[in-house]
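According to the numbering used here, the sequence shown is numbered sequentially starting from 159. Structure first, then comments.
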Amino acid sequence: MSKPKSPNLQKKQLGKLGENLAKKHLQNKGYCFLVQNFHTRFGEIDLIFLDDKTVVFVEVKTRVDDTFGSPEEAISKTKISHLKKAAYFFLQQNPQYEDSLLRFDAICIEIRSKQIRHYENLMG
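So this is what it looks like as structure tokens:
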């Protein structure tokens, strides 16, 4: 008999699924993939892409459905602030992008309804 999975493990698996769906979605739009799960002391950047000459830092939020709120509700000002700090850390570690334009996007995914919503330029 197999053990039931812990809610934390299920949450991680759901997050990983969402990140992979978001990655494929952006690649299908012609974005050039750079990094997945870039870890810093400020937090993690889920996905980093190039869109022409713009480095795009992507926060991915995934829900099975909206029972516990929409994915959008999980993107707080604090989260965006941490994303920005992590992005500047990425640029320090990758000076080849230091003169690039920057953009901060979010991709919100609802699995049951098969919805992927892409919000460009959260800072704009």
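The C-beta atom is built at its ideal place from N, Cα and C for all residues, glycine as well.
- In the displayed model, L280 falls within coil according to three-state DSSP, outside both helix and strand.
- For the pair C190 and F226, the Cα-to-Cα distance works out to about 33 angstroms.
- Put simply, the backbone Cα of K181 is about 9 angstroms away from that of D204.
- Collapsing the DSSP output to three states places G176 in a helix.
- L205 has Q194 and V216 as its beta-bridge partners, per DSSP.
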